Amino acid sequence: MRSILLPVLVSIATLLGITAYVTFQPSEYPSAVLLFTVVFSFISNFILFLREEPNVSALETGIKKFIIGASVLVFGYVISGLSNYEVGKTTSLLENETVKVGTFFVNVNPDGEFTYYHRIALRYEKGDIVEFSSKYYKALIDHESSIEFAYDVEELWNPIPFPKQKHREAAKVWSSGIAGQEAAYYLLETKITKITEVYGGQKSYNIETSKHPWRGLEWAGWFIMIISAIFVVVKFWTNRK
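Using the numbering used here, read the sequence shown as starting at 5 and increasing by one per residue.
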């Protein structure tokens with residue numbers, strides 16, 4: 005009884021902790037049960053691994069490690085699916101075009117493969133004039149752009165209610181930044197919702213991009229499973245000689 009008490013308590017505590025960040029819909033209750041099961045499996049096998057006797061076979065040790073890795077993999081897969089969120093609204097872009105999607109920039113090549121980039125904020129100097137949604141603004145102080153203009157407009161920009169020709173000529177279209185260093189693609193997922201052909205046979209893509217902050221656990225699970233499998237094979241082969 006004591007041997008399963010700790011795994012059960014940890015599994016319940018983990019599930020309660022997850023509910024603070026993820027709201028389970030009725031259709032997702034099976035996922036909650038699966039999360040409880042994999043946490044229980046992970047803790048149980050981890051405790052058994054720590055309490056192993058010296059005479060335990062390499063095969064048994066490897067199997068325990070493999071189960072631990074599988075538990076991490078399944079946990080990461082399920083929680084990643086539950087906690088993913090849209091980075092931005094549905095976006096349209098042409099082949100080889102780079103556009104801003106939420107906090108990232110996305111580029112698509114002719115084969116439909118995506119590349120992601122981090123945002124580098126633009127620096128605006130005091131007195132700079134920009135145009136946003138057909139309105140004109142003047143920078144109050146030196147600053148770097150935020151993700152959205154709405155975050156800056158009240159404190160950093162002064163509206164120009166009656167812009168003159170000189171304002172229109174000096175104005176630049178406001179931008180949150182430019183594409184910088186390539187981002188970790190395994191945390192992001194982009195789905196193509198529609199493909200249309202435009203001028204010259206070029207394709208236009210409608211895309212939805214979401215971020216999976218827990219996806220790293222999936223990779224950790226695969227790593228543990230592969231290392232465990234190699235360990236078992238090597239030990240088995242060594243013992244045969």
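No residue lacks a Cβ here, since even glycine has one placed at the ideal position from N, Cα and C. This structure is a prediction, so every number in the text was calculated from the model and none was measured.
Where do the ends of the alpha helix (DSSP H) carrying residue i lie?
i      : result
Arg172 : 169 to 174
Thr119 : Note, Thr119: premise wrong, no alpha helix (DSSP H); beta strand (DSSP E) at 118 to 124.
Phe44  : 33 to 54
Which residues does DSSP pair with residue i in a beta bridge?
i      : result
Ser96  : Asn210
Pro163 : Tyr141
Val103 : Val110
Ile22  : Ile22 pairs with nothing; no bridge assigned.
Glu148 : Arg127
Please work out which residues of its chain come closer than 7 Å, Cβ to Cβ, to residue i, disregarding the five sequence neighbours upstream and downstream, and give them in chain order.
i      : result
His171 : Ile133, Tyr140, Ile164
Phe153 : Phe136, Trp178
Met229 : Phe70, Gly73, Ala74, Leu77
Mark residue i as exposed unless 16 or more other C-beta atoms lie within 10 angstroms of its C-beta, in which case mark it buried.
i      : result
Glu186 : exposed
Phe227 : exposed
Phe109 : buried
Gly21  : exposed
Ser75  : buried
Ser232 : buried
Phe166 : exposed
Can you give me the Cβ contacts of residue i inside the same chain, cut-off strictly under 6 Å, excluding the 5 residues immediately before and after it?
i      : result
Ile47  : Pro11, Val14
Ala174 : Ile133
Tyr203 : none
Asn246 : Residue coverage of the chain in this structure runs from 5 to 245, which leaves residue 246 outside it and unanswerable.
Asn111 : Thr102, Thr119
Leu38  : Val82
Beta-carbon within less than 8 Å of residue i's beta-carbon, same chain only, minus the 5 sequence neighbours each way: which residues are those?
i      : result
Ser180 : Lys104, Arg123, Ala125, Leu126, Ser149, Ser150, Ile151, Glu152, Phe153
Thr197 : Thr94, Asn210, Ile211, Glu212
Beta strand (DSSP E) containing residue i: first to last residue?
i      : result
Ile133 : 133 to 136
Quiz item: Fully enclosed by the region 178 to 243, which beta strand (DSSP E) runs are 3 residues long or longer?
Solution: 182 to 186, 192 to 201, 207 to 215
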